[in-house]
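Chains R and G supply the protein sequences, listed in that same order.
Residue 97 in the numbering used here is what sits at position 111 of the first sequence, and the numbering runs on without skipping anything.
Positions in the second sequence are counted from 1; adding 49 to them yields the numbering used here.
A short worksheet on the structure shown next.
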Amino acid sequence: MENNFNTNDELEQYLKDEADGHKMYPSEHVWENIRTEIHGNPSWPALTFIAIAVILTLTVSTLYNYPPKTIMIKTNTIVQKLDNVVTDATAENDGSVNNESLDQQINPNNYTAVTLAAINDRNNIDAYIASTEDLVNQKRVAIPTDIVEQIRSSVNNVPAPVLKSMLFTEGSIFSDEIQADIKELSTTENTAVNSISKKSKYENLSQKKLTVTSDENIADTYLNDFAFEPKKHGQKPTGIELQFYVTPSTSYRKLEEDKSRLNFASPSALSLSSSATANVNNSVHHTPALGIEIGAGVLYNLTSNFKVKTGLQFNIRQYNIDATQSYGMATIAFVQNNHLDSVSIFSMFANTGANGYYSTTIDNKLYQVSIPIGFQWDFLQGKKLGLSASASIQPTFTLNKNVYMISTDYKYYANGAPFIRKWNFNSSVDLNVTYKTGNVKWYFGPQIRYQHLPTYNDVYPIKEYRLDYGFKIGITTPIFK
Amino acid sequence: MTEQAIIAGCLHNDASSQRELYSRYSPKMLSVCYRFAQNREDAEDMLQEGFIKIFTQIHTFQNKGAFEGWIRRIIVHTCINFLKKYKKFNENVDLIYAQNQPAKEETIPSIMQGKQVIECIRHLPVGYKTVLNLYAIEGFSHKEIGALLDIEESTSRSQYTRAKALLETILTKKRIIDKPKEDFKWLAVLNK
């Protein structure tokens, strides 16, 4: 390249010097485009959160739904076994076979009869245990007393038919001789059980509706004793709750200035505030304004009163700026690479201290979407009323661009679009009074929400942190299977 | 991170090294683009294209000259190609017409003198400012400019002369420079 600067042309030298000293800072999207062009699309951070939430929800719901199905199968198995025991006993006694249809087999009255048989079986088994102890004593079998007690306590927790099969099968804890003696002792009681069950079965076959008998009352008591609750189809909670809420709030902001610029400032720097010690909070006049949060979430019960939650929330947070209508250049001075630099943005609004055409109010509004992830603790629960506290962290994405920021000489307000921080972090804490109405629980209470990172990126030297005081109104309702 | 480490990282397509290189040179290079462009958006588009070329062609850097000079030359060529692509520089503005253009004082921010000069250059007609930028600031010869812009060398000279005269008028009106004296050497290039 030919060097043409040896022509001693002062204008050219002047232009070159001025041009070389000039710097401009590109928007962040330029680098994003370059990176995308070279390395491809970066993964969207929110996608990770959503994927984790979906996987977590599916896993939890799968794990939660699995046990009831198992219990259902086991319950059926027990009933079938009970039924088989009775049928076998009947067949043994009168040689008949079980020709009942499935409808008849699952008839509640049939169950009652079977249950009665089971009660008697249990009484018999108690007798077996007592006689077994006698036999052990008689035959001088050296079984320690504590083992016998253990067996007794275990036996009390085992359903009668199961216990029966345990006692009279190969590999039983009792010897063949003892089993034979036990069978002999129980002959009378067996006959009684079989006759009752047989009678009940024929009664079921002959009449559709049975009046409540004293036997059935006994059976119900038995069911209650063993905490068998009648199954209510479609009413069993899944442990997952849906929540909807709205929180009107007032937004305050705190401004902090990065004073590091002063270390690099020369006396002629026009872009700094007139007083190095001036507090930005005293130089502006901002007033809080009403904002709102609207959200929906999913809660999962870890315990009866402790829940984890996540969801999606839309936020509007705003405050008012007192300004004057005036045109000028808002200058932002900042330090980058140990060098004081500045950018200028055209402005239509001046600070209240400046001369303007007329005073006005600017609405400094943020539209945000966030994903709250946190917990809820229902630490006091009455029949209707209760107290609840919850907290969450909220990755937050800012949607809008038309926000206003003060220039670093505190003279003008400029559009802060080039400096706005897209992703931010908030945290929220609330304390609620809860009130139950049916399946719906209402929440009312105060809430505080704090923005952890400044509204603008690190280039802008005045750090703005927002704080919202709100009143939360929400409902939660459980999801039933 | 040293310049050599950044270059080595970029040769391995390392994103953090590329980001470092971008952070270090993009402010100056955007200023270069801005002088050629019509507006900031065009300047950022030029910068984007330029840095993509830099990252994809960095293996062609021979370590023989200054790395910044190599980057700058790629950026300038990208700017010229951008102007050609969108047919923005093929203007032949009459000097008298240009001289009669009012200096739009209200559109030039009075913040810093350097920025005023840049804004004055940017307010020149596209053909003028392109030649002026290439010759006076980037150090290209008229022969190189002719080849780069597909124009005659003599055309480049005449464009430059007119551009400089117009810029001088604007700067004087803005009181950024004093009115040149009769024996001032600024117009010496006219006799070349």
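For glycine and all other residues, C-beta sits at the position ideal for the given N, C-alpha and C.
Shortest alpha-carbon distance to residue i belongs to which of the options?
i	options	result
G:Y184	G:S207, G:V166, G:H172 and G:K164	G:S207
R:V415	R:I38, R:T463, R:N386 and R:S376	R:S376
G:Q67	G:I103, G:E93 and G:E98	G:I103
R:K397	R:D244, R:F230, R:T310 and R:I36	R:T310
R:L371	R:Y429, R:F300 and R:Q299	R:Y429
R:L298	R:F35, R:L241, R:K422 and R:F292	R:F35
R:R435	R:Q380, R:T346, R:G368 and R:I461	R:Q380
R:V479	R:W363, R:D244, R:H272 and R:Q304	Nothing can be reported for residue 479 of chain R: it is not among the residues displayed for chain R, which extend from -13 to 467.
R:N418	R:N443, R:N388 and R:S374	R:S374
G:I167	R:V16, R:S345, R:K9 and R:N401	R:K9
R:Q367	R:F292, R:M315 and R:D444	R:F292
R:D244	R:N443, R:T463 and R:T48	R:N443
R:D308	R:T463, R:Y344 and R:H325	R:Y344
R:E378	R:D(-5), R:L(-3), R:G402 and R:G283	The sequence shown places Ser at residue 378 of chain R, not Glu. Cα-wise, what sits closest to R:S378 is R:G283.
Start and end of the alpha helix (DSSP H) containing residue i?
i	result
G:A64	A64 to F85
G:T179	V175 to L181
G:R121	F116 to K134
R:G456	First-last for R:G456: I448 to F466, but that is the beta strand (DSSP E), not the alpha helix (DSSP H).
R:Y0	E(-4) to D6
G:Q53	E52 to L60
R:V266	V266 to S269
Mind reading off the beta-carbon distance from residue i to residue j? Whole number of angstroms is fine, and I expect it under 8 Å.
i	j	result
R:K458	R:T233	4 Å
R:N412	R:Q437	5 Å
R:Y286	R:I226	6 Å
G:C169	G:C128	Wrong, their Cβ atoms sit about 18 Å apart, outside the cutoff.
G:L181	G:A212	4 Å
R:I302	R:Y353	6 Å
G:I120	G:M78	7 Å
R:L241	R:I448	6 Å
R:W17	G:Y71	6 Å
R:N350	R:Y390	5 Å
R:S237	R:G277	5 Å
R:S328	R:A319	4 Å
R:T296	R:A5	Contact doesn't hold; Cβ gap of about 53 Å is too wide.
For residue i, which three-state DSSP category applies?
i	result
R:T338	coil
R:H15	helix
R:L288	coil
G:N88	coil
R:D469	There is simply no residue 469 of chain R to check, as chain R begins at -13 and stops at 467 in what is shown.
G:S190	coil
R:I434	strand
R:D80	Summary for R:D80: the model assigns pLDDT 49, below 50, so the residue's position carries little reliability, and this model does not support an answer.
R:E243	strand
G:M95	helix
R:R21	helix
R:S426	With the sequence shown as reference, residue 426 of chain R is identified as Val, and Ser is not the correct amino acid for it. It is a strand residue.
R:T441	coil
R:K396	Looking at the sequence provided, one finds Tyr at residue 396 of chain R rather than Lys. Three-state result, R:Y396: coil.
R:V71	Since pLDDT at R:V71 reaches only 47, below the 50 mark, its modelled position is unreliable, and no value is offered.
G:Q148	Here G:Q148 scores only 47 on pLDDT, less than 50, and its place in the model is too uncertain to base an answer on.
G:H172	coil
R:I36	helix
G:I107	helix
G:I225	coil
R:G314	strand
R:Q304	strand
R:R283	Contrary to the premise, residue 283 of chain R reads as Gly rather than Arg in this sequence. Three-state result, R:G283: strand.
G:Q165	helix
R:D416	strand
R:K9	coil
G:G195	helix
R:K222	coil
R:K293	strand
In the DSSP assignment, the beta strand (DSSP E) including residue i goes from what residue to what residue?
i	result
R:S345	S345 to S356
R:L373	L371 to T384
G:Y209	Element bounds for G:Y209: not the beta strand (DSSP E) but the alpha helix (DSSP H), E202 to K222.
R:K367	First, the residue type needs correcting, since residue 367 of chain R is Gln and not Lys in the sequence shown. Element bounds for R:Q367: I359 to Q367.
R:A403	It is not in any beta strand (DSSP E) - R:A403 carries neither H nor E in the DSSP assignment.
R:I392	Y390 to I392
Any heavy atom of the ligand PLP closer than 7 Å to the beta-carbon of residue i?
i	result
G:Q87	The ligand content of the structure shown is nil, which means the ligand PLP is not present either.
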